[in-house]
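Here's the structure we're looking at; comments come further down.
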Amino acid sequence: MCTSAQRLSKPDRQRLTVLEDTLKKLGQQMIYDVEASRRFAADSSFIRTLVKALHTPYSFDYDFDSVQTVSTLYAPDTTFRVFTWQFQRDDDYYRQRGAIQMKTADGSLKLFPLIDMSDFTQNPVDSVRSNLNWIGAIYYGIVMKKAGAKKYYTLLGFDDNNMRSTKKWIDVLTFDEAGNPHFGGQYFDYKNDSLKPAQPAYRFCLEYKKEGRARMAYDPEMDMIIFDHLVSEDNNQSKRYTLIPDGDYEGFKWQNGHWAHVSKVFTYKLTDGHAPQPTILKDDEGKSDEKKLLEQSLKNMQKAQPANQSKKFQKNQRTDPRQGTEN
Numbered sequence: 001m002c003t004s005a006q007r008l009s010k011p012d013r014q015r016l017t018v019l020e021d022t023l024k025k026l027g028q029q030m031i032y033d034v035e036a037s038r039r040f041a042a043d044s045s046f047i048r049t050l051v052k053a054l055h056t057p058y059s060f061d062y063d064f065d066s067v068q069t070v071s072t073l074y075a076p077d078t079t080f081r082v083f084t085w086q087f088q089r090d091d092d093y094y095r096q097r098g099a100i101q102m103k104t105a106d107g108s109l110k111l112f113p114l115i116d117m118s119d120f121t122q123n124p125v126d127s128v129r130s131n132l133n134w135i136g137a138i139y140y141g142i143v144m145k146k147a148g149a150k151k152y153y154t155l156l157g158f159d160d161n162n163m164r165s166t167k168k169w170i171d172v173l174t175f176d177e178a179g180n181p182h183f184g185g186q187y188f189d190y191k192n193d194s195l196k197p198a199q200p201a202y203r204f205c206l207e208y209k210k211e212g213r214a215r216m217a218y219d220p221e222m223d224m225i226i227f228d229h230l231v232s233e234d235n236n237q238s239k240r241y242t243l244i245p246d247g248d249y250e251g252f253k254w255q256n257g258h259w260a261h262v263s264k265v266f267t268y269k270l271t272d273g274h275a276p277q278p279t280i281l282k283d284d285e286g287k288s289d290e291k292k293l294l295e296q297s298l299k300n301m302q303k304a305q306p307a308n309q310s311k312k313f314q315k316n317q318r319t320d321p322r323q324g325t326e327n
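118 is the number that UniProt numbering gives to position 118 of the sequence shown; each next residue is one higher, with no gaps.
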């Protein structure tokens with residue numbers, strides 16, 4: 001992934017190869033071991049081993065490709081990369097881990113640990129956060145935008161949440177003049193409704209039924225973030241665990257330093273002659289047909305495959321359904 005000349009010495013590369021093998025084994029154990037205590041121990045060892053590996057000079061040039069239980073995303077301008085993964089205590093408790101590694105000219109380590117503080121907030125969308133009080137997610141997409149001279153890195157993330165619902169996140173990462181990371185801000189322009197986080201929202205969340213297979217992805221051709229429009233199976237939108245896709249899509253378009261809401265993505269595409277044919281998704285009484293909803297959503301998903309994912313994450317999709325699967 002690194003585009004610069006390889007700066008790793010041969011001994012350091014050999015050392016990283018050995019540590020990568022250890023990380024691969026620990027990564028498998030922290031995800032697949034049947035005992036929570038052993039998963040936790042493996043997770044702790046994984047963190048220590050990863051930090052040890054990253055202290056190797058010019059470790060930014062090393063990809064850790066075989067560690068498939070961790071998502072590794074590189075910024076489009078290659079100024080940093082972000083590692084994220086997930087710890088599962090049981091079927092109702094998931095927490096994310098992560099770190100941002102900056103690319104440095106002298107090969108020294110500049111690392112920001114990401115500390116998931118989701119357990120300690122009543123409203124995860126209400127403020128800008130640092131790396132030390134991060135709202136955790138496994139990142140599977142990154143989009144870089146500019147407004148003036150400032151760069152904005154929009155991260156798309158996945159959170160298994162609990163046994164009833166799943167969350168998808170959009171968070172905007174920026175760096176201050178001292179180079180410190182900040183997550184969130186008032187970058188999302190949309191009108192309040194019962195399905196979206198109440199404004200002012202400093203990050204965007206899509207929460208839905210565990211088996212709902214809602215999609216959120218960046219489409220480079222349309223230059224939009226596209227996500228499923230949701231409806232409740234029992235007409236109670238306050239119960240997030242009842243929300244499923246209805247076959248339609250909403251989106252966000254970057255305009256003047258903000259993500260402007262597009263309520264009907266297919267209407268937006270009609271100007272280019274690409275709108276799909278409508279499908280009847282409700283009966284004469286106005287009730288949703290769940291089978292048709294899911295079938296149409298699956299069809300639409302094929303029209304908006306996520307494009308800005310790392311190869312590492314694409315591998316994770318196939319090998320580990322718990323690690324940020326973009327269903």
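Glycine is no exception: its CB is placed at the ideal position from the N, C-alpha and C atoms.
Beta strand (DSSP E) segment containing residue 226, residue limits | Sequence index remark: in the sequence shown, residue 226 carries index 226 (1-based). Start and end: 224–232.
DSSP three-state call for residue 84: helix, strand or coil?
-> The count along the sequence shown starts at 1 and reaches residue 84 at position 84. DSSP places residue 84 in strand when its eight states are reduced to three.
Taking contact to mean at least 3 C-beta pairs separated by less than 8 Å, is the segment 56–63 in contact with the segment 8–25?
-> yes
Between the C-alpha atoms of residue 35 and residue 258, what's the straight-line distance to the nearest angstrom?
-> Residue 35 sits at position 35 when you count from the first residue of the sequence shown. Residue 258 sits at position 258 when you count from the first residue of the sequence shown. For residue 35 and residue 258, the distance between alpha carbons rounds to 44 Å.
Expressed to the nearest angstrom, what Euclidean distance is found between the alpha-carbon atoms of residue 241 and residue 70?
-> Position 241 of the sequence shown, counted from the first residue, corresponds to residue 241. Position 70 of the sequence shown, counted from the first residue, corresponds to residue 70. About 27 Å.
Contact check, residue 214 vs residue 145, beta carbons under 8 Å = Position 214 of the sequence shown holds residue 214. Position 145 of the sequence shown holds residue 145. The answer is no: Cβ separation not under 8 Å.
For residue 232, count neighbouring C-beta atoms within 10 Å of its own C-beta (all shown protein chains included) and say buried if the count is 16 or more, exposed if not.
-> Mapped onto the sequence shown, residue 232 falls at position 232. Counting Cβ neighbours within 10 Å, residue 232 comes out buried, since at least 16 surround it.
How many Å lie between residue 189 and residue 224 at the Cα?
-> To locate residue 189, count along the sequence shown from 1; it is residue 189. To locate residue 224, count along the sequence shown from 1; it is residue 224. Those two C-alpha atoms are separated by around 14 Å.
Euclidean distance between Cα positions of residue 172 and residue 184 | Residue numbering aside, residue 172 sits at position 172 when the sequence shown is read from its first letter. Residue numbering aside, residue 184 sits at position 184 when the sequence shown is read from its first letter. Cα to Cα, the separation comes out at about 5 Å.
What number of angstroms, rounded off, separates the C-alpha of residue 23 from the C-alpha of residue 157?
-> Position 23 of the sequence shown, counted from the start, is the residue given in the question as residue 23. Position 157 of the sequence shown, counted from the start, is the residue given in the question as residue 157. Straight-line Cα distance between these residues: approximately 22 Å.
From which residue to which residue does the alpha helix (DSSP H) around residue 22 run?
-> Here the question's residue 22 lines up with position 22 in the sequence shown. Per DSSP, residue 22 belongs to the alpha helix (DSSP H) from 10–32.
Thinking C-alpha only, which one of 79, 139, 177, 67 is nearest residue 216?
-> Here the question's residue 216 lines up with position 216 in the sequence shown. Nearest of 79, 139, 177, 67 to residue 216, Cα basis: 139.
Rounded to a whole number of angstroms, what is the C-alpha to C-alpha distance between residue 100 and residue 181?
-> On the sequence shown, residue 100 is found 100 positions in, with the first residue counted as 1. On the sequence shown, residue 181 is found 181 positions in, with the first residue counted as 1. Taking the straight line from one Cα to the other gives about 9 Å.
To the nearest angstrom, how far is it from the Cα of residue 8 to the Cα of residue 19?
-> Position 8 of the sequence shown, counted from the first residue, corresponds to residue 8. Position 19 of the sequence shown, counted from the first residue, corresponds to residue 19. Cα-Cα distance, rounded: 15 Å.
Residue 99, DSSP secondary structure in three states | The count along the sequence shown starts at 1 and reaches residue 99 at position 99. The answer is strand: DSSP assigns residue 99 an E or B state.
Unbroken beta strand (DSSP E) runs of length 3 or more, entirely within the segment 145–185: which are they?
-> 150–159, 165–175, 181–183
One or two residues paired with residue 40 in a DSSP bridge | Indexing the sequence shown from 1 puts residue 40 at position 40. None, per the DSSP bridge assignment.
Inter-residue Cα distance where the pair is residue 247 and residue 229 | Here residue 247 corresponds to residue number 247 of the sequence shown, with the count starting at 1. Here residue 229 corresponds to residue number 229 of the sequence shown, with the count starting at 1. Cα-Cα distance, rounded: 7 Å.
Among 161, 89, 82, which one has its Cα closest to the Cα of residue 118?
-> As a first step, residue 118 must be located in the sequence shown, where it is residue number 118. Taking only the C-alpha atoms, the option nearest residue 118 is 161.
Alpha carbon to alpha carbon, what distance is there between residue 49 and residue 102?
-> On the sequence shown, position 102 is the one that residue 102 refers to. On the sequence shown, position 49 is the one that residue 49 refers to. Cα to Cα, residue 102 sits roughly 18 Å from residue 49.
How is residue 121 classed by DSSP in three states: helix, strand or coil?
-> Within the sequence shown, the letter at position 121 stands for residue 121. Residue 121 falls in the coil class under three-state DSSP.
Decide if residue 84 is buried, meaning its Cβ has at least 16 other Cβ atoms within 10 Å, or exposed.
-> If you number the sequence shown from 1, residue 84 lands on position 84. Residue 84 comes out buried.
Are the beta-carbon atoms belonging to residue 328 and residue 170 less than 8 Å from one another?
-> Shown here, the chain extends from 1 to 327; a query on residue 328 therefore has no answer.
Does any CB atom of chain C fall closer than 8 Å to the CB of residue 190?
-> The question asks about chain C, but that chain is absent: this structure has only one protein chain.
If residue 202 and residue 226 are in contact, beta carbons under 8 Å, what's the gap, nearest whole angstrom?
-> On the sequence shown, position 202 is the one that residue 202 refers to. On the sequence shown, position 226 is the one that residue 226 refers to. 21 Å between Cβ atoms; not a contact.
Between residue 210 and residue 91, what straight-line distance do the alpha-carbon atoms span, to the nearest angstrom?
-> In the sequence shown, the residue the question calls residue 210 occupies position 210. In the sequence shown, the residue the question calls residue 91 occupies position 91. Distance between the alpha carbons of residue 210 and residue 91 is about 12 Å.
Just curious, the beta strand (DSSP E) that residue 64 is in, first and last residue?
-> For this step, residue 64 is matched to residue 64 along the sequence shown. That residue, residue 64, is in no beta strand (DSSP E); it is neither H nor E in DSSP.
Enumerate in chain order the residues of its own chain whose CB-to-CB distance from residue 152 is below 8 Å, with the five nearest sequence positions on each side excluded.
-> Here the question's residue 152 lines up with position 152 in the sequence shown. Hits under 8 Å: 144, 145, 146, 172, 173, 174, 187, 257.
Alpha carbon to alpha carbon, how far is residue 42 from residue 235? Give it in angstroms, no decimals.
-> Reading the sequence shown from its first residue, position 235 is the one you call residue 235. Reading the sequence shown from its first residue, position 42 is the one you call residue 42. Straight-line Cα distance between these residues: approximately 43 Å.
Could you tell me the distance, in whole angstroms, from the CA atom of residue 207 to the CA atom of residue 88?
-> Here residue 207 refers to the residue found at position 207 of the sequence shown. Here residue 88 refers to the residue found at position 88 of the sequence shown. Cα to Cα, residue 207 sits roughly 19 Å from residue 88.
Where residue 115 falls: helix, strand or coil (DSSP) | For the purposes of this step, residue 115 is taken as residue 115 along the sequence shown, with counting starting at 1. If DSSP states are grouped into helix, strand and coil, residue 115 belongs with the strands.
Which one of 52, 149, 131, 124 has the shortest CA to CA distance from residue 108?
-> Counting from 1 along the sequence shown, the entry for residue 108 is found at position 108. Per the Cα distances, 52.
Please classify residue 241: does DSSP put it in a helix, a strand, or coil?
-> The residue given as residue 241 occupies position 241 in the sequence shown. The answer is helix: DSSP assigns residue 241 an H, G or I state.
Name the DSSP beta bridge partners of residue 211, please?
-> For the purposes of this step, residue 211 is taken as the residue at position 211 of the sequence shown. Beta-bridge pairing links residue 211 to no other residue.
For residue 262 and residue 17, the rounded distance between their alpha carbons | Counting from one through the sequence shown, the residue named residue 17 turns up at place 17. Counting from one through the sequence shown, the residue named residue 262 turns up at place 262. C-alpha separation (whole angstroms): 46 Å.
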